[in-house]
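Q: Got a structure for you, questions after.
Number of protein chains: 2
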Amino acid sequence: MILRSAPASPFGRKCKISAHILGLMDKIEIIRANSMDPEDSLRQENPLGKIPVLLMDDGAALYDSRVICEYLDTLAGGNKLFPAGDARWPVLTLQALADGMTDASILQVYEKRFRPEEKYHQDWVGYQQGKVQRALIWLEANAPAKRAQPHIGDIALACALGYLDFRFEGVWRSSHPGLVSWLESFAETNPAFGETAPHD
Amino acid sequence: MILRSAPASPFGRKCKISAHILGLMDKIEIIRANSMDPEDSLRQENPLGKIPVLLMDDGAALYDSRVICEYLDTLAGGNKLFPAGDARWPVLTLQALADGMTDASILQVYEKRFRPEEKYHQDWVGYQQGKVQRALIWLEANAPAKRAQPHIGDIALACALGYLDFRFEGVWRSSHPGLVSWLESFAETNPAFGETAPHD
Chain A
1 MILRSAPASP FGRKCKISAH ILGLMDKIEI IRANSMDPED SLRQENPLGK
51 IPVLLMDDGA ALYDSRVICE YLDTLAGGNK LFPAGDARWP VLTLQALADG
101 MTDASILQVY EKRFRPEEKY HQDWVGYQQG KVQRALIWLE ANAPAKRAQP
151 HIGDIALACA LGYLDFRFEG VWRSSHPGLV SWLESFAETN PAFGETAPHD
Chain B
201 MILRSAPASP FGRKCKISAH ILGLMDKIEI IRANSMDPED SLRQENPLGK
251 IPVLLMDDGA ALYDSRVICE YLDTLAGGNK LFPAGDARWP VLTLQALADG
301 MTDASILQVY EKRFRPEEKY HQDWVGYQQG KVQRALIWLE ANAPAKRAQP
351 HIGDIALACA LGYLDFRFEG VWRSSHPGLV SWLESFAETN PAFGETAPHD
């Protein structure tokens with residue numbers, strides 16, 4: 001299988017960490033994609049032009065990260081990162097919360113990347129910041145358990161916090177000590193987190 | 201259960217259509233939410249401040265629409281809207297494609313809603329339009345089957361196209377006759393589509 005991704009992508013990182021934890025990295029070749037390049041085959045693979053995309057051996061393309069991670073979980077026997085039964089719903093909701101933090105963070109980055117400075121709009125940036133801030137406050141008060149076997153909600157949260165470190169200089173850390181401790185524990189338990197540290 | 205949503209929300213519509221098809225509407229009270237109102241309890245229910253949110257009878261909140269729809273499917277016995285086995289992955293990928301079209305459409309609407317006119321940036325709007333356009337072209341060439349029993353990919357696509365009708369005057373229709381025919385068939389087979397037509 002081929003994973004189209006980029007080293008800076010927090011959603012690509014979810015897939016890579018999932019593959020590492022599931023012992024599937026030797027089945028996956030990572031080929032860098034440039035979502036800004038119209039000539040990159042990415043836009044044929046996923047018409048949205050978004051990464052990550054998983055190209056399966058039969059040529060079919062799977063996306064987005066939620067779909068890829070669940071597929072990898074099934075390949076590895078199932079119910080490892082995605083629990084069945086009543087435990088499934090809070091895990092999937094944590095993934096949605098963490099992915100939503102990442103989406104709101106990316107929109108703040110894109111505000112500067114896609115516009116000339118005179119078109120920055122602080123109200124919009126603040127609206128997205130508000131989503132991230134409220135999520136951080138909620139998570140600090142409702143921090144996930146420090147698990148030996150992470151689930152997809154943990155992985156998504158680690159990638160969301162890692163993206164805040166990468167693009168926003170870790171300013172979240174000073175006021176969220178419980179989450180800092182949680183992330184340190186996640187990184188210790190899962191070497192793939194450090195191995196997938198983002199870079200441009 | 202309580203569904204926090206709004207009549208204009210395409211992602212809320214996914215949940216309502218799913219609940220209708222699964223025969224669960226009599227178990228769900230819909231309470232309107234205003235994602236722009238800081239005083240709305242929505243931001244406590246989902247720190248992202250996004251709709252839809254499903255409040256379960258034990259007080260727990262589930263989001264986003266993908267999680268809610270899969271939970272409803274499980275409540276109704278499972279494997280109705282979300283197939284198991286190999287059929288699952290193309291269905292979930294179609295859902296991701298359709299949801300991505302909707303996200304890109306919403307960002308175009310928000311460009312005007314959140315900014316003064318001098319801060320509109322046509323390059324950004326065009327970048328989002330490109331995602332929708334490529335997805336429409338791909339879907340026109342790879343139109344889903346007209347199924348008596350829709351899956352979540354069908355529902356998500358119907359809501360994405362319905363949102364284009366609602367906010368972009370249906371300009372997609374003239375150049376995508378296969379998708380128009382598909383949507384007419386979906387609407388005929390699923391009266392919930394018409395019953396949940398969006399309005400402000």
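Quick note, the sequences are listed as chains A and B, same order. Residue 1 is where the first sequence starts when you use my numbering, and the numbers rise one by one after that. Residue 201 is where the second sequence starts when you use my numbering, and the numbers rise one by one after that. Ideal Cβ placement from N, Cα and C applies to all residues, glycine included. Every value quoted in this text rests on a predicted model; they were computed, and no experiment measured them.
What residues match up with A61(A) in a beta bridge as DSSP calls it?
A: The sequence position of residue 61(A) within the first sequence is 61, counting from 1. BP columns for A61(A) point to L55(A).
Q: At which residues does the alpha helix (DSSP H) containing I171(B) begin and terminate?
A: With chain B represented from 201 up to 400, any question about residue 171(B) goes unanswered, as that position is not in the structure.
Q: For the alpha helix (DSSP H) holding R232(B), just list the boundary residues, first then last.
A: Translated into the one-based positions of the second sequence, residue 232(B) becomes position 32. It is not in any alpha helix (DSSP H) - R232(B) instead sits in the beta strand (DSSP E) that spans E229 to R232.
Q: Kindly indicate the opening and closing residues of the alpha helix (DSSP H) around G277(B).
A: Translated into the one-based positions of the second sequence, residue 277(B) becomes position 77. Taken as a continuous stretch (DSSP letters only), G277(B) belongs to no alpha helix (DSSP H), as it is neither H nor E.
Q: So, at 6 Å on beta carbons, what are the nonlocal neighbours of V253(B) in its own chain, with the 5 sequence-adjacent residues on each side left out?
A: The residue labelled residue 253(B) in the question sits at position 53 within the second sequence. R204, E245, N246, A261 and Y263, listed in sequence order.
Q: Any C-beta of chain A sitting closer than 8 Å to the C-beta of W324(B)?
A: Working through the second sequence from its first residue, we reach residue 324(B) at position 124. Closer than 8 Å: yes.
Q: Taking the alpha helix (DSSP H) that P90(A) falls in, what are its first and last residues?
A: In the first sequence, the residue the question calls residue 90(A) occupies position 90. First-last of the alpha helix (DSSP H) with P90(A): R88 to F114.
Q: Going along the chain, which residues of its own chain have a beta-carbon closer than 7 Å to the beta-carbon of I230(B), five neighbours each way excluded?
A: For the purposes of this step, residue 230(B) is taken as residue 30 along the second sequence, with counting starting at 1. Here the set comprises L203 and S205.
Q: Quick one: give me the first and last residue of the alpha helix (DSSP H) that Y127(A) is part of.
A: For the purposes of this step, residue 127(A) is taken as residue 127 along the first sequence, with counting starting at 1. Q122 to A141 is the extent of the alpha helix (DSSP H) around Y127(A).
Q: Count the other CB atoms within 10 Å of the CB of A50(A); is the residue buried (16 or more) or exposed (fewer)?
A: Indexing the first sequence from 1 puts residue 50(A) at position 50. Residue identity differs from the one stated: residue 50(A) is Lys in this sequence, not Ala. It is buried - the Cβ of K50(A) has at least 16 other Cβ atoms within 10 Å.
Q: Which residue comes first and which comes last in the alpha helix (DSSP H) that contains A392(B)?
A: Your numbering for residue 392(B) matches position 192 in the second sequence. Per DSSP, A392(B) belongs to the alpha helix (DSSP H) from P391 to E395.
Q: Helix, strand or coil for A358(B) per DSSP?
A: Along the second sequence, read from residue 1 onward, the residue named residue 358(B) stands at position 158. A358(B): helix per DSSP, three-state reduction.
Q: Contact defined as beta carbons within less than 8 Å: I believe K27(A) pairs with C159(A). What is the distance between those atoms, to the nearest angstrom?
A: Walking along the first sequence from the start, residue 27(A) turns up at place 27. Walking along the first sequence from the start, residue 159(A) turns up at place 159. About 21 Å separates the two Cβ atoms, so there is no contact after all.
Q: Kindly indicate which residue of L48(A), G100(A), D40(A) and L42(A) has the alpha-carbon position closest to the one of V332(B).
A: Position 132 of the second sequence holds residue 332(B). Taking only the C-alpha atoms, the option nearest V332(B) is L48(A).
Q: Taking CB distances under 8 Å as the criterion, tell me whether F368(B) reaches chain A.
A: Position 168 of the second sequence, counted from the first residue, corresponds to residue 368(B). Taking Cβ atoms only, chain A never reaches closer than 8 Å to F368(B), which makes this a no.
Q: Step through the CB atoms of chain A and report whether any lies within less than 8 Å of the CB of P247(B).
A: Within the second sequence, the letter at position 47 stands for residue 247(B). Chain A, which has a Cβ nearer than 8 Å to the Cβ of P247(B), makes this yes.
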